[in-house]
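Just so we're aligned: the sequence shown equals residues 1 to 336 in the UniProt record's numbering. Backbone N, C-alpha and C fix where the C-beta goes; we use that ideal spot for every residue, glycine too. The block underneath contains the structure these notes are about, expressed in structure tokens.
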Amino acid sequence: MPPNKITVNEWLDRWLDLKADDLEETTIYSYRITLDRVRGRLGNIRLQDLTEEHVEEWRDWALTHGRARGKRAGTPLGVTSVDMSLARLKEALGRAVTRRLVQVNVAAHVTIPRRARKEERKSKEEVQPWNVQEVQKFIQGIRGERLYAALLLSLMGLRPAEVCGLRWDDVDLGNATIVIANTRTMMGNRYVVEKDTKPLAGERVLPLPALVLAALKAFRALQVDERLALGEAYVVSGYVLVHEAGDAFTIKQLRRRAYRLMELLGLRRVRLYDARASCFTFLASNGVPDHILARWAGHTNVKTTKRWYVKPDVEDLRGAATTWDGLHGAAEEEKA
């Protein structure tokens, strides 16, 4: 097809095909979903006719009416969602420039207005991860729960997909270690995708805290009994997190069970990823060095751990307040 006939939709399809060999299946899926937000308004425009004004108009529409599905259709898309769509569009158009299909990347300088970011921050209250008391209440409340061991793994910093992907072959109960090398996640909440851990640093060996080790031993023994009871009907999947019949849990099922337990215990509902943040906030507040935090989290960059997973609350900051007292001379005043 002549370059002057290619539409934005046709180029996005071709670009996604080019990217498919270099990216995980789940990443390509997320790229498709992200670019679907753009296609409705820009997709039928010829690639060479696309202008910066077109992209700006799409951005403004997306920030006010861009949600396409569900009961909230026609309401604003979140700033992060619009930003992600812009980023993918910029990348696709950049490749079109490289291939000389267009002369300039017309999306290159289109950004989210600062005003929109500020308004969203005001309207959205940041969800704080559980504090120490909430974590301890949850742990106490789920003793006796069949998924006790799996939920403790979430509370020692594993990603939900890592908990679901953990196999008994990766667990060394004798040496109290686990190998994190496999994940089981879902695409569009429809089907399971199994793959290696996210970054190379995601593959790691972690020592097991005593409570988690004991829970895993008990869970292993329970599964042996369940297999004996069911006989040939038992599914030998090899995963740690399985149902009574041996079939593996999905990440969706794990989340659903965790949320139900939070509700039963009267705790704030937080994502399992937020529970992961509770772990690293606690470790950081108790003096664990940054490079150990990043290694435990499976991050290649310490900045990622500190930016997204260390979220001290006011109680965590009280030690700093005491330190300030030393500078202000409060201790000397109390003595006087």
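Check                                                                                                                                                                                                           : Outcome
Go ahead and label Ile178 buried or exposed: buried means 16 or more other beta carbons lie within 10 angstroms of its beta carbon, across all protein chains shown.                                            : buried
Using CA atoms only, rank isn't needed, just tell me which of Leu12, Val270, Leu86 and Tyr148 is closest to Leu211.                                                                                             : Tyr148
Using a Cβ-Cβ cutoff of less than 8 angstroms, which residues in the same chain neighbour Leu18 once the five nearest sequence positions on both sides are dropped?                                             : Arg95
Which of helix, strand or coil does DSSP assign to Asp196?                                                                                                                                                      : strand
Using 8 angstroms as the cut-off, can you tell me whether the region 262-280 makes contact with the region 166-175, which would need three or more C-beta pairs spanning the two stretches below that distance? : no
Only counting the same chain, and skipping five residues up and downstream in sequence, which positions put a Cβ closer than 6 angstroms to that of His65?                                                      : Gly74
Between the Cα of Cys279 and the Cα atoms of Thr51, Gly188, Gln128 and Tyr29, which residue gives the shortest distance?                                                                                        : Gln128
If we ignore side chains and look at the alpha-carbon of each, how far apart do Ile180 and Leu206 end up?                                                                                                       : 8 angstroms
Smallest Cα separation from Thr27: which of Lys195, Ile45 and Gly141?                                                                                                                                           : Lys195
Looking at the unbroken alpha helix (DSSP H) that takes in Ile45, where does it start and where does it end?                                                                                                    : No alpha helix (DSSP H) contains Ile45, which DSSP labels as neither H nor E.
Does His243 pass the burial test, meaning 16 or more other C-beta atoms within 10 Å, or should it be called exposed?                                                                                            : exposed
Rounded to the nearest angstrom, what separates His109 and Arg59 at their Cα positions?                                                                                                                         : 12 angstroms
Tell me whether Thr177 sits in a helix, a strand or coil according to DSSP, three-state version.                                                                                                                : strand
Using the beta-carbon count (16 or more within 10 Å), is Arg190 buried or exposed?                                                                                                                              : exposed
Is the region 39-55 touching the region 5-17 in the sense that three or more CB pairs, one from each, lie closer than 8 angstroms?                                                                              : yes
Name the DSSP beta bridge partners of Val171, please?                                                                                                                                                           : Ile178
Using only the alpha-carbon positions, how far apart do Gly157 and Asn131 sit?                                                                                                                                  : 14 angstroms
Could you say if the region 136-146 and the region 252-261 meet the contact criterion of at least three C-beta pairs nearer than 8 angstroms?                                                                   : yes
Please state the DSSP three-state secondary structure of Val236.                                                                                                                                                : coil
Assuming Leu31 and Leu16 make a contact with CB atoms under 8 angstroms, what is their CB distance in whole Å?                                                                                                  : One point to set straight first is that residue 31 is Tyr, not Leu, in the sequence displayed. With 8 angstroms as the limit, Tyr31 and Leu16 qualify as a contact, their Cβ atoms being about 6 angstroms apart.
By a C-beta neighbour count over all protein chains shown, 10 Å radius and 16 as the cutoff for buried, is Val224 buried or exposed?                                                                            : exposed
By Cβ distance below 8 angstroms, which residues in the same chain neighbour Leu35 in space, the five residues on each side in sequence not counted?                                                            : Leu12, Leu16, Ser85, Arg88, Leu89 and Ala92
Between which two residues does the alpha helix (DSSP H) carrying Val212 extend?                                                                                                                                : Ala210 to Leu230
Helix, strand or coil for Arg204, going by three-state DSSP, please let me know.                                                                                                                                : strand
Going by CA-CA distance only, name the one from Asn105, Val97 and Leu166 that's closest to Gly238.                                                                                                              : Leu166
Look at the alpha carbon of residue 338 and the alpha carbon of Val82, and state the distance between them as a whole number of angstroms.                                                                      : Absent from the model: residue 338. The displayed extent of the chain is 1 to 336, so no value can be given.
Check for me: the alpha helix (DSSP H) holding Gly141 runs from which residue to which?                                                                                                                         : Val132 to Gly141
Quick check on the DSSP output: what are the complete alpha helix (DSSP H) runs of length 4 or more inside the region 50-107, in order along the chain?                                                         : 52-65 and 79-98
State the DSSP-derived secondary structure class of Ala245, mapped to helix, strand or coil.                                                                                                                    : coil
Have a look at the DSSP bridge pairing and note the partners of Thr26.                                                                                                                                          : Looking at the DSSP assignment, Thr26 forms no beta bridge with any residue, so it has no partner.
CB Ala62 to CB Leu77, shorter than 8 angstroms?                                                                                                                                                                 : yes
Looking only at its own chain, which residues have a Cβ that is under 6 angstroms from the Cβ of Leu213, when we skip the five neighbours before and after it?                                                  : Ala176
Going by beta carbon distance, what residues of the same chain come within less than 8 angstroms of Leu241, once the five residues before and after it are set aside?                                           : Leu147, Ala150, Val163, Cys164, Leu166, Ala248, Phe249 and Leu254
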